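Undergrad: First to last, the protein sequences are chains A and B.
Yeah, the first sequence ends on 405 if you go by our numbering, and it's all consecutive.
Yeah, the second sequence ends on 1246 if you go by our numbering, and it's all consecutive.
What follows is a structure written as structure tokens; I'll ask about it next.
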Amino acid sequence: MILSDTARSAFEGLTRNTTRSLLTTLGIVIGVGSVVLMVSLGATFQRFILDQVSTFSGNTFEIQSKGLEEYGKDPMTLTEADAEAIAKLSTVKNVVAVIFVAKKVTYGTEELSPMILGASKDIFTNWSMKLELGRLLTDGDLKGGKSVAVLGNKTAEDLFGNANPLGKRISVGERKFTVVGVLKALGGAMGTQMDTPIYVPFTVAKTMTNKGLFVDYISLQTTGNTDLTGEDIKSLLRQRHKIDNPNDDPDKDDFIARSFSQAMDILETVTLSITLFLGLIAGISLLVGGIGIMNIMLVSVTERTKEIGLRKAVGAKRRDILLQFLLEAVTLTLFGGLIGIVGGGYLGFILTRIAARFIGDLSFALTPGSILLSLGMAVGTGLIFGLYPALRASKLHPIEALRFE
Amino acid sequence: MTSSKTTPLIETIGLNKSYVNDEVETPVLHDINLSISSGEFVAIMGPSGSGKSTLMHILGFLDVPTSGHYNFKGASTEEKSEDELARIRSASVSFVFQSFNLLPRTSVFDNVMLPLLYNSATRVSERKDRVMKAIESVGLTDRATYLSNQLSGGQQQRVAIARALVTTPEIIFADEPTGNLDSTSGTHVMEILQNLHRSGHTIILVTHEQMTAEHAERIIRLHDGHVISDDRAFTRRIAKRGGQIK
Ligand SMILES: Nc1ncnc2c1ncn2[C@@H]1O[C@H](COP(=O)(O)OP(=O)(O)OP(=O)(O)O)[C@@H](O)[C@H]1O
Ligand SMILES: [Mg+2]
């Protein structure tokens, strides 16, 4: 029997009891629909998290004094000279020393306590912060020790509302600064942290604190293998700080060094497992749908025993009958799967849109890969749960089947 | 059995059949020795339960004997797999059943087409013509698009005959084809079978009615699974009496 005939016979078998076929399909629609929904929501969530983190390019590397973790407890350990020494390594660029300034920021009656960072222009590159208004910090600002500030988007909004902040003079502690730039908002969960800081020239920040030659933080980008460069940086710092730590025990170091790519790898693994877990839960409903298919196919085989006997009497081989019933099951699950993908995908899209209202930029992720995977699962369900009934049908004895009442 | 002319189409030697249900063995056919040549019109007669249908199913490859030999065109059929038997059914035999056995809610056309789906010898492009020819030969051209359940019993049986014809099989087995029909429809069905016989088909007809059996040129009588008579002279006897075979 040629395949198109088998397909037609299968289709006719299904349409002879349309209501039942549709109801059976519903189980698959729900099963595949929830798989698609869960996987797409998981992927959307994953993309959201990774997008936030990838604000920092993967080869950004950061070093901080251990004291930063428990503020004020340990002495500061990193120095400007450390930063200069690191900058001499061949596989780094954009080495920026950063000092944190703890002062109040006021404009008119508004008073805020944002994080104030003394840094140079490279910090914006390392953190992928983009300019919205005005200009970024320049080398000239640092050399001239100019009292200029670049504001995070949120802080600019809190201080000035809708007014143009450029050229306005704000107070940082006792000192007046001219606002020369405003950064683009990052939005999202990360935005609350990244959109508030104020950036002032490193040289100016230094005069506002009594940290001497110490710095709080060094940010840089690696140009080669991040892990290898990380090792180089660590051994350089250990050598400079006279720390004997051949076994790479972080407890012995007086600094913390880490790359963003490590953090991203971990996040990616975590979010992917969440997605797979959600998909698995949804897969259970597909299993239930599959059992429904098997049940209906068994009923159908019993009901159509005479038909099977007749087909065999006119020359059908086992394989012909097997294929027909398998195709019936697969047609049901494929059809249900298609509807489920459209339905689940649409529902996921709507939910993403609703969620986007609360947490900002969310782009719905339904990849061709996950669509194919769902379709594959639907077809697989049909094959697995259709196999037993189809085998039963194919093994019927022609005469016993014909005599069946 | 040296020339193909003397090789019978169907030959059984000491064929037995018994059913086994729950360890209980029911012998149904005993030592059946038959030889049927191509082109014959044979009636198998006997009381209910004598094993007529069982014999027909074995001869038509729907079932297998418990012991003994069945040679088809001189070739042994023992130890053939189920799929090989299916291939012989598809290529060489057709059935007309007492209870029609049409696909429900399916058109006359599609019902008649069914055997062609499993018949690899028929090209897809030939199908339509052959189906329409078969439907025409049973006089149902104007009903081709009707669903099987929209037909009278006599019409349904004619559809079943058309379905049996469509592959132009060598042998047509008919098990009580008129059993569910009134006499007019029954006569009509028998006329069609007669015509098929005249055009060269081998017809094996199972019946318990003498009237129906008289259409055949040879009558084999079964009783309790034994062949009790095999009357080939029947036709001549009728002819001598000046009777008409109708
Ligand atoms: N599957 C089976 N299991 C056990 N016994 C069976 C089976 N099928 C048929 N028989 C027995 O075989 C015998 C012959 O049955 P068969 O159907 O061949 O009779 P028949 O001559 O065609 O009768 P009828 O004229 O009533 O159709 C019967 O006694 C029947 O009970
Ligand atoms: Mg019978």
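Glycine residues also receive a C-beta, built at the ideal position from the N, C-alpha and C atoms.
For clarity, every value in this text was computed on a predicted model and none was experimentally measured.
(1) Out of A:V204, A:I339, A:T269 and A:V342, point me to the one whose CA is closest to A:V101's CA.
(2) Determine, for A:L310, whether the minimum Cβ-Cβ distance to residues of chain B falls below 8 angstroms.
(3) Roughly how many angstroms lie between the CA atoms of A:A156 and A:R353, to the nearest whole one?
(4) Measuring only from the beta carbon, is B:N1016 closer than 7 angstroms to any heavy atom that is part of ligand 1?
(5) Would you call the CB atoms of B:F1095 and B:A1164 closer than 8 angstroms?
(6) Using the C-alpha atoms, what's the distance from B:L1029 back to B:T1054?
(7) Against B:A1086, what residues of chain A qualify as contacts under a CB-to-CB distance less than 9 angstroms, listed in chain order?
(8) Could you give the distance in angstroms between the alpha-carbon of B:G1051 and the alpha-carbon of A:F325?
(9) Return no unless some Cβ of chain B is closer than 8 angstroms to the Cβ of A:L22.
(10) Can you list the residues of chain A that B:L1205 reaches, using a CB-CB cut of under 9 angstroms?
(11) Is B:F1095 close to chain A, meaning its C-beta is less than 8 angstroms from at least one C-beta of that chain?
(12) From this set, B:E1209, B:K1073, B:L1222 and B:F1097, which residue's C-alpha is nearest B:S1038's C-alpha?
(13) Can you list, in chain order, the residues of its chain with a C-beta nearer than 6 angstroms to that of A:M297? Leave out the 5 residues immediately preceding and following it.
(14) Quick check on DSSP: helix, strand or coil for A:R175?
(15) Mind pulling the chain A residues with CB within less than 8 angstroms of B:P1065?
(16) Under the assumption that B:G1046 contacts B:H1215 (Cβ atoms under 8 angstroms), give the Cβ distance between them as a whole number of angstroms.
(17) For a contact meaning CB atoms closer than 9 angstroms, what does A:E307 contact in chain B?
(18) Starting from the C-beta of A:G382, find all residues in its chain whose C-beta is less than 7 angstroms away, skip the five residues before and the five after it, and write them out in chain order.
(19) For ligand 1, I want to know if B:S1050 counts as a neighbour, meaning its beta carbon is within less than 7 angstroms of at least one of the ligand's heavy atoms.
(20) Go ahead and pull the three-state DSSP assignment for A:V148.
(21) Quick one: what does DSSP say A:K103 is sitting in, helix, strand or coil?
(22) At the level of alpha carbons, what is the spacing between A:E12 and A:K306?
(23) Nearer than 7 angstroms: is that true of the beta carbon of B:S1053 relative to any heavy atom of ligand 2?
(24) Taking only three categories from DSSP, how would you classify B:T1167?
(25) Would you call the region 30–46 of chain A and the region 266–286 of chain A in contact, with 3 or more CB pairs under 8 angstroms?
(26) Give me the chain B residues within the contact set of A:M1, using Cβ-Cβ distance strictly less than 7 angstroms, ordered along the chain.
(27) Could you tell me which whole alpha helix (DSSP H) segments of length 4 or greater appear in the region 320–389 of chain A?
(28) Closer than 8 angstroms between beta carbons: that is the criterion. Which residues of the region 372–392 of chain A meet it against chain B?
(29) Look at the alpha carbon of B:T1168 and the alpha carbon of B:V1138, and state the distance between them as a whole number of angstroms.
(30) With DSSP as the reference, please indicate the residues paired to A:K184 in a beta bridge.
(31) Under the assumption that A:K221 contacts A:F61 (Cβ atoms under 8 angstroms), give the Cβ distance between them as a whole number of angstroms.
(32) Using Cβ-Cβ distances below 9 angstroms, what residues of the region 1045–1057 of chain B are close to chain A?
(33) Counting only runs that start and end within the region 1155–1209 of chain B, where is the beta strand (DSSP E) found for 3 or more residues in a row?
(34) Does the beta carbon of B:S1125 come closer than 8 angstroms to any beta carbon on chain A?
(35) Below 8 angstroms, how does it come out for the region 337–347 of chain A and the region 361–378 of chain A: are there three or more Cβ pairs, yes or no?
(36) Can you determine whether any heavy atom of ligand 2 sits closer than 7 angstroms to the C-beta of B:D1175, and answer yes or no?
TA: This is what the structure gives:
(1) A:V204
(2) yes
(3) Each residue's alpha carbon lies about 28 angstroms from the other.
(4) No, the beta carbon of B:N1016 sits no closer than 7 angstroms to any heavy atom of ligand 1.
(5) Contact: yes.
(6) Their backbone Cα atoms lie some 8 angstroms apart in a straight line.
(7) K312, G315, A316, K317, R318, D320 and P398
(8) If you take the alpha carbons of B:G1051 and A:F325, they lie about 33 angstroms apart.
(9) no
(10) For B:L1205, none of the residues of chain A pass the 9 angstroms Cβ criterion, the least Cβ distance being about 17 angstroms.
(11) yes
(12) B:K1073
(13) A329, G386 and P389
(14) Strand, per DSSP.
(15) The premise fails here: B:P1065 is roughly 13 angstroms from chain A at the closest Cβ pair, so nothing lies under 8 angstroms.
(16) Not really, about 17 angstroms apart at Cβ, beyond 8 angstroms.
(17) N1101, L1103 and P1104
(18) I293, A329, V330, L332, T333 and L334
(19) yes
(20) strand
(21) coil
(22) 16 angstroms
(23) yes
(24) Here B:T1167 sits in coil by DSSP.
(25) yes
(26) L1117 and Y1118
(27) none
(28) Interface annotation for the region 372–392 of chain A against chain B: empty, criterion Cβ-Cβ distance under 8 angstroms.
(29) Rounded to the nearest angstrom, the two C-alpha atoms are 14 angstroms apart.
(30) Answer by DSSP bridge pairing: none, since A:K184 is not bridged.
(31) The question names Lys, but residue 221 of chain A is Gln in the sequence shown. Taking the Cβ atoms as the reference, A:Q221 lies roughly 7 angstroms from A:F61, within the contact range of under 8 angstroms.
(32) S1053, T1054 and H1057
(33) 1171–1175 and 1202–1206
(34) no
(35) As far as the Cβ criterion goes, the region 337–347 of chain A touches the region 361–378 of chain A, which means the pair count is three or higher.
(36) A distance criterion of 7 angstroms places the beta-carbon of B:D1175 in contact range of ligand 2, judged by its closest non-hydrogen atom.
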